[in-house]
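**Q** Dropping the structure in here first, questions after.
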Ligand SMILES: [Zn+2]
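Residue numbers (this note's numbering): 5 to 113.
Here's what the structure looks like:
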């Protein structure tokens, strides 16, 4: 289950330098197939205004030689009934062309 109100926090963590150095970042449409599940789409609906959000980049945790220090290690999933990811993630970050809101979609390994 995904909760959109967690996305702003997640985007901030993805942009933290330490995590960016641990992720492979793919600019624009080059990253759409870098996912653990079905491919990301070029666009998605903005949850804030309903407008069209276009792909900016995809971040994918793809470093199997480095044990630990995954985003899933930052917080415990379901601690105090709060959601967190339980495995390595791929995250597509979009930007709404109507309201300039960042929108993220993610999936897990
Ligand atoms: Zn929007």
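No residue lacks a Cβ here, since even glycine has one placed at the ideal position from N, Cα and C.
On a predicted model such as this, the values are computed, not experimentally measured, just so you know.
Can you list the residues near ligand 1, meaning Cβ strictly closer than 6 Å to any non-hydrogen atom, in the order they appear in the chain?
**A** Matched residues: 50, 52, 53, 55, 100, 102, 103 and 105.
**Q** Are at least three pairs of beta-carbons, each pair with one atom in the stretch 70-87 and one in the stretch 102-109, less than 8 Å apart?
**A** Segments in contact, no.
**Q** Anyone know if the C-beta pair for residue 96 and residue 35 falls short of 8 Å?
**A** Translated into positions along the chain shown, residue 96 becomes position 92. Translated into positions along the chain shown, residue 35 becomes position 31. The answer is yes: Cβ separation under 8 Å.
**Q** Given this structure, state the Cα-to-Cα distance separating residue 55 from residue 33, to the nearest angstrom.
**A** Here the question's residue 55 lines up with position 51 in the chain shown. Here the question's residue 33 lines up with position 29 in the chain shown. Each residue's Cα considered, the two are about 19 Å apart.
**Q** Which complete beta strand (DSSP E) runs does the stretch 42-76 hold, if anything under 3 residues is left out?
**A** Counting whole runs of 3 or more residues, the stretch 42-76 contains the beta strand (DSSP E) stretches 47-49 and 56-64.
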